[in-house]
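**Q** What follows is a single structure, and I will ask about it in a moment.
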Ligand SMILES: Nc1ncnc2c1ncn2[C@@H]1O[C@H](COP(=O)(O)OP(=O)(O)OP(=O)(O)O)[C@@H](O)[C@H]1O
Ligand SMILES: [Mg+2]
């Protein structure tokens, strides 16, 4: 099954519900090594995406790219801090890659994921091992590329599985970007909140694609 504007909008709504359900967990993760706002930031941003979709309902933006662009501009305008612009950039780059396609198939999905990662890295300058959301995204994109010949549910499941492992890997890392980097060695032993939220969003997309 390919992904249409409608199914993508449904996936974003599902992701918003998952983020709302993990709001407290993300706040706690960010409290340990940051300023305890990541759960609030993400929940506000994704709730705003749902509101933006609701405001158009029963219509949906015409293409998957237009849905992604609506989500991106909403995140950029509604979420401050580091994560809003980074997620916004990821969604915006994905949107550009989707172009005017009416449906997203496996290969296009993989290209969009790659573009999202490149956007986050261009904006935030983090590389693998810096203990950020990039540590969830890099393995997710690699796994998606390996699964590119499969259907989108399988690609997203492979990406989400890899993102979970990548997020876990941040526990043993010394953060080199963002607020957590101020703690240096003391931040070791903690899961990066942005890596965790990235894995949650990918999992929500994978579940929605089933
Ligand atoms: N330069 C970066 N590149 C990639 N990801 C980053 C970068 N800086 C921070 N992050 C991610 O953002 C997450 C923190 O997001 P959060 O919503 O808490 O913003 P914040 O750091 O509190 O922003 P601010 O410090 O501006 O208030 C981190 O867990 C990390 O994954
Ligand atoms: Mg924070």
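Residue numbers (the working numbering): 11 to 220. Glycine included, every Cβ here is placed at the ideal spot set by N, Cα and C.
1) Tell me where the alpha helix (DSSP H) around residue 95 begins and ends.
2) Which ranges does the alpha helix (DSSP H) cover as unbroken runs of at least 4 residues, wholly within the stretch 100 to 154, from first to last along the chain?
3) Of the choices 60, 123, 135, whose alpha-carbon is the least far from that of residue 170?
4) Any heavy atom of ligand 2 closer than 6 Å to the Cβ of residue 200?
5) Measure the C-alpha to C-alpha separation of residue 144 and residue 211 and round it to an integer number of angstroms.
6) Comparing C-alpha positions only, which one of 154, 20, 37, 17 sits nearest to residue 200?
7) If you drop the 5 nearest sequence neighbours on each side, which residues of the same chain put their C-beta closer than 7 Å to that of residue 52?
8) Taking 6 Å as the cut-off, is the CB of residue 144 close to at least one heavy atom of ligand 1?
9) Among 130, 150, 107, 78, which has the Cα closest to the Cα of residue 17?
10) Assign residue 132 to one of two classes, buried (16 or more other C-beta atoms within 10 Å of its C-beta) or exposed (fewer than that).
11) Our contact map puts residue 140 next to residue 186 with C-beta atoms below 8 Å; I'd like the distance itself, whole angstroms only.
12) Leaving out five residues on either side along the sequence, give the residues of the same chain with a beta carbon under 6 Å from the beta carbon of residue 151.
13) Roughly how many angstroms lie between the CA atoms of residue 166 and residue 130, to the nearest whole one?
**A** Checking against the coordinates, here is how it stands:
1) To locate residue 95, count along the chain shown from 1; it is residue 85. Residues 93 to 108.
2) 116 to 134
3) On the chain shown, position 160 is the one that residue 170 refers to. The option with the nearest alpha carbon to residue 170 is 123.
4) The residue given as residue 200 occupies position 190 in the chain shown. Because no heavy atom of ligand 2 lies under 6 Å away, the Cβ of residue 200 does not count as near it: no.
5) Looking up residue 144 in the chain shown gives position 134. Looking up residue 211 in the chain shown gives position 201. In a straight line, the C-alpha of residue 144 is about 14 Å away from that of residue 211.
6) Position 190 of the chain shown, counting from 1, holds the residue named residue 200. Taking only the C-alpha atoms, the option nearest residue 200 is 37.
7) Position 42 of the chain shown, counting from 1, holds the residue named residue 52. Closer than 7 Å at Cβ, skipping near neighbours: 29, 36, 93, 207.
8) On the chain shown, residue 144 is found 134 positions in, with the first residue counted as 1. Yes, ligand 1 has a heavy atom inside 6 Å of this Cβ.
9) The residue you call residue 17 lines up with position 7 of the chain shown. The shortest Cα separation from residue 17 among 130, 150, 107, 78 belongs to 78.
10) The count along the chain shown starts at 1 and reaches residue 132 at position 122. Looking at its Cβ environment, which holds fewer than 16 other Cβ atoms inside 10 Å, residue 132 is exposed.
11) Looking up residue 140 in the chain shown gives position 130. Looking up residue 186 in the chain shown gives position 176. Contact flag correct, Cβ pair sits at about 4 Å.
12) Looking up residue 151 in the chain shown gives position 141. So the qualifying residues of the chain are 123, 124, 127.
13) Counting from one through the chain shown, the residue named residue 166 turns up at place 156. Counting from one through the chain shown, the residue named residue 130 turns up at place 120. Whole-angstrom Cα-Cα distance: 19 Å.
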